[in-house]
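Residue numbers (this note's numbering): 82 to 206. Every residue, glycine too, gets a C-beta built ideally from N, C-alpha and C. Notes follow the structure.
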Ligand SMILES: [Zn+2]
């Protein structure tokens, strides 16, 4: 059976394949719906651009409602051109974003992840 999961990720080319590979392995997914922005953790936590936040929410909704995704990964990474903050701030912003996404989709499991300097994915607890 085809299983979709969802990733909210940076548009940075370096983090696409690591995130797809991680989500497939971690959750036994067939497909990963990828919702990308430059530094999405900054966009969703700073709440400066309502239109963009709405666009992210609408795209997650398609993944959840049309593809039946029950799992969303929210990813932050270092050396992020779209959101050039330090690691601690990324971690805080990623978890703020997780909480926002949880408020939109209370029936879906939402996890926060950090992508380290070796492009390895680590869960933020
Ligand atoms: Zn980035």
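- In this structure, ligand 1 has a non-hydrogen atom nearer than 8 Å to the beta-carbon of residue 162.
- Under the DSSP assignment, residue 117 falls in the beta strand (DSSP E) whose first and last residues are 112-118.
- Less than 9 Å divides the Cβ of residue 145 from the Cβ of residue 189.
- Taking 9 Å as the cut-off, the Cβ atoms of residue 171 and residue 122 count as close.
- With a cut-off of 8 Å, the C-beta of residue 154 is classified as distant from ligand 1, since no heavy atom of the ligand falls inside that distance.
- Remark: three or more beta-carbon pairs, one from each stretch, lie closer than 8 Å, so the segment 150-165 and the segment 86-104 are flagged as touching.
- If you draw a straight line from the Cα of residue 177 to the Cα of residue 126, it is about 6 Å long.
- Here residue 111 is exposed, its C-beta having fewer than 16 other C-beta atoms within 10 Å.
- For residue 90, the enclosing beta strand (DSSP E) starts and ends at 85-91.
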